[in-house]
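Colleague:
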Amino acid sequence: MFRLRTRIMISFSLIIVIGTILMVTIINITTRTGYRSFAEQNDIDIARSMTIPLEEYYTGTGSWDGVESILLFPLNRTSQMRGMMGRNPGPGGRTGGMLPHIILTDSSGRVLINTDPQISEDRDRYSRDELEKASKIIVNNRTVGYLLVGTMIHQGLTVSEQIFLNKTMVVILAVSLLILTASIIASWLIASRLSGPVSQMSLAAQKVRGGDLSTRVSVWGHDELSELSGSFNEMVQTLEKNDRWRKQIIADSAHELRTPVSLIQGNLEMILDGLYKADEERLRGIYDETLVLSRLIEELQLLSSAESGTMNLNLEEIDPEALLDNVLKVFTAGAEKSRIELRNRLEGTSEPLSGDYQKLKQVFANVLANAFRHTPEGGFIEIRSHMDGKNLTIEIEDSGPGIPPEDLEKIFERFYRTDSGRNRNHGGSGLGLAISREIIRLHGGKIRAASPEGKGAIILISLPFKNR
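If you count the sequence shown from 1, position 90 lands on 90 in UniProt numbering, and the numbers rise without skipping.
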């Protein structure tokens, strides 16, 4: 199987070879046709220039006797250009230095003068049809003779003309061969340039398939191949990031599940060994741990379905103000008990949203529960809203210690806690905000965190209106 570079080079080379052959063929045909046309026109001009002195000669003498003495002189000057263009005399070519082949006939077509009888087969007469191209010699409105020059006599090129054209073609072929060689070398370089990144990505893909997610390819230039290389690097980087997340999720899940399982196992072992009594209080504690374990598993399943896009949303028209009022009522008693002021600053929330009521209720409950965990006694939690174009933005602010700048994006990751020393009993499962982010994303909205210096945390949730 040919490699990509070889296939590209062969393709380019075939195109170049075919193009060169066509070019040489066209140049050859064009050169010969053009030279032939030039020769014919030049011979016509020579013949016309010679008819004037020949007409004067015939007018003065009344015959063609002795015309040989003046036949050569007027031609020398006119034939200079033709001679410089390569139509030099040679064997079977011209007589008289640079003069072309000339035939003079009388009015009946009988040959009077033939400067090269070998070429014209020493003919003594030409027919009317053969004299159609000849230059007429007219005296007193009467045709007294015909003059044939060069191509009017013989249709083909002379030997010297053929030699000139052959030499020209040799030069053209030599130049074409140089161009062909340079083009093949250039095609090899282009093929290497095009196939290099592809080969590099092929090797990198094999390494990635083998599990080496640290593999990267070089990115050169700003063309499609460089974009492909950049996309490959981004893809591998995403795979590497997802792999790290997967390992972290497994480790975090195992850690979170280990605590309730260990408590359940420890208590049961103590009961089986007779160290603890299986009384209601002991069994209630074990039961509570199973509830924690069950809730954690449910949250993991919920987050997994949200991230994979398999979560089903029961979309309906939602009054955001009524939704938020219901959520706030759940926390009213807890706020009074903890002496936390719960401020309701909802404005302009009468326009309906389209969403899953229970899922959105869970989002706001998660955010408020998180705010309560971080708000000290005597603090406040404020919920406010405003319209932002086609979206409704809801802000939930607390008077807690705030969020470090480096943690503003991380708080929406699984099992992430701003205080690493806080466990699930005091800091929640670490899945609430991650679940909230995915639910909001499925609704076409956005959720982010802010923490102005000297203030608490602010969670901003934007959701699109139904009719905008």
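Beta carbons are placed, not taken as given, at the ideal position from N, Cα and C, and that holds for glycine.
1) So is M84 buried or exposed if we call it buried at 16+ other beta carbons inside 10 Å?
2) To the nearest whole angstrom, what separates the beta carbons of K136 and T143, a pair I think is in contact under 8 Å?
3) Using the DSSP secondary-structure output, state which residues sit across from A465 in a beta bridge.
4) From R282 to G432, what distance separates their C-alpha atoms?
5) Hey, E289 and I264: beta-carbon distance below 8 Å or not?
6) Which residue from A182, W64 and D45 puts its Cα closest to that of T20?
7) So the candidates are K337, L147 and W64; which of them puts its Cα closest to the Cα of I102?
8) Need the endpoints of the beta strand (DSSP E) that F380 sits in, please.
9) Under 8 Å, with one C-beta from each stretch per pair, do the region 439-455 and the region 350-369 reach the 3-pair mark?
10) The alpha helix (DSSP H) spanning G145 covers which residue range?
11) Excluding sequence positions up to five away, which residues of its chain have a Cβ less than 8 Å from the Cβ of L303?
12) So if DSSP puts residue 483 in a beta bridge, which residue, or which two residues, is it bridged to?
13) At the level of alpha carbons, what is the spacing between T168 and E55?
14) Which residues mark the beginning and the end of the beta strand (DSSP E) in which T105 is found?
15) Tell me which residues share the same chain as V368 and place their Cβ nearer than 6 Å to its Cβ, disregarding the 5 neighbours each side in the sequence.
16) Do you know whose CA, among I113, S107, T115 and I138, lies nearest S127's CA?
17) Taking 8 Å as the threshold (C-beta atoms), are P53 and I70 in contact?
18) In whole angstroms, what separates the C-alpha of T375 from that of A450?
19) I believe V139 touches Y58 by the beta-carbon criterion, under 8 Å. Please report the beta-carbon distance rounded to the nearest angstrom.
20) Helix or strand or just coil, what does DSSP make of L257?
21) On the three-state DSSP scale, how would you describe R339?
22) Please name the residue or residues paired with I459 in a DSSP beta bridge.
23) What first and last residue would you give for the beta strand (DSSP E) that runs through N42?
24) Locate the alpha helix (DSSP H) running through N312, then write down its first and last residues.
25) What three-state label does DSSP hand I153 in the structure shown?
26) For I403, name the three-state secondary structure that DSSP assigns.
27) From F232, P197 and V198, pick the residue whose C-alpha is nearest to that of L213; which is it?
28) Under a Cβ-count criterion, where at least 16 other Cβ atoms within 10 Å of its own Cβ denotes burial, should L463 be classed as buried or exposed?
29) Any idea what DSSP makes of R424, helix, strand or coil?
30) Are V24 and L173 closer than 8 Å when you measure CB to CB?
31) Taking the DSSP output, what are the residues bridged to R125?
32) Excluding five sequence neighbours on each side, which residues of the same chain lie with their C-beta closer than 6 Å to the C-beta of F12?
33) So V149 packs on I46, CB below 8 Å; how close in whole Å?
34) Would you list the one or two residues that DSSP bridges to S69?
35) Identify whether S226 lies in helix, strand or coil by the three-state DSSP scheme.
36) List the whole-angstrom C-beta distance separating I458 from E395, where the pair is believed to meet the contact cut-off of C-beta under 8 Å.
Modeller: Taking the definition as stated:
1) Note that M84 scores a pLDDT of 34, beneath 50, so its modelled location is shaky; the value from the coordinates is reported in the next line. So M84 counts as exposed.
2) 5 Å
3) Reading off the sequence shown, one finds Phe at residue 465, where the question assumed Ala. L353.
4) 29 Å
5) yes
6) A182
7) L147
8) F380 to D388 is the extent of the beta strand (DSSP E) around F380.
9) yes
10) Here G145 belongs to no alpha helix (DSSP H); instead the beta strand (DSSP E) covers R142 to V149.
11) R414, L431, A434, I435 and E438
12) Outside the modelled stretch of the chain, which goes from 1 to 468, sits residue 483, for which no answer is possible.
13) Approximately 39 Å between the Cα atoms of the pair.
14) From DSSP, the beta strand (DSSP E) with T105 extends over I102 to D106.
15) Note that residue 368 is Leu in the sequence shown, not Val. Only F331 meet the Cβ criterion.
16) S107
17) yes
18) 16 Å
19) 5 Å
20) helix
21) coil
22) BP columns for I459 point to I396 and A449.
23) Careful: N42 lies outside any beta strand (DSSP E), inside the alpha helix (DSSP H) at L4 to T61.
24) Note, N312: premise wrong, no alpha helix (DSSP H); not H, not E.
25) Residue state, collapsed to three classes: coil.
26) coil
27) F232
28) By the beta-carbon neighbour count (other beta carbons within 10 angstroms, threshold 16), L463 is buried.
29) The predicted model places R424 with a pLDDT of 46, which falls under 50 and marks its position as unreliable; any figure quoted below should be read in that light. If DSSP states are grouped into helix, strand and coil, R424 belongs with the helices.
30) yes
31) R110
32) Closer than 6 Å at the Cβ level, and outside the excluded window around F12, lie S187.
33) 5 Å
34) Answer is none; S69 lacks a bridge partner.
35) helix
36) 6 Å
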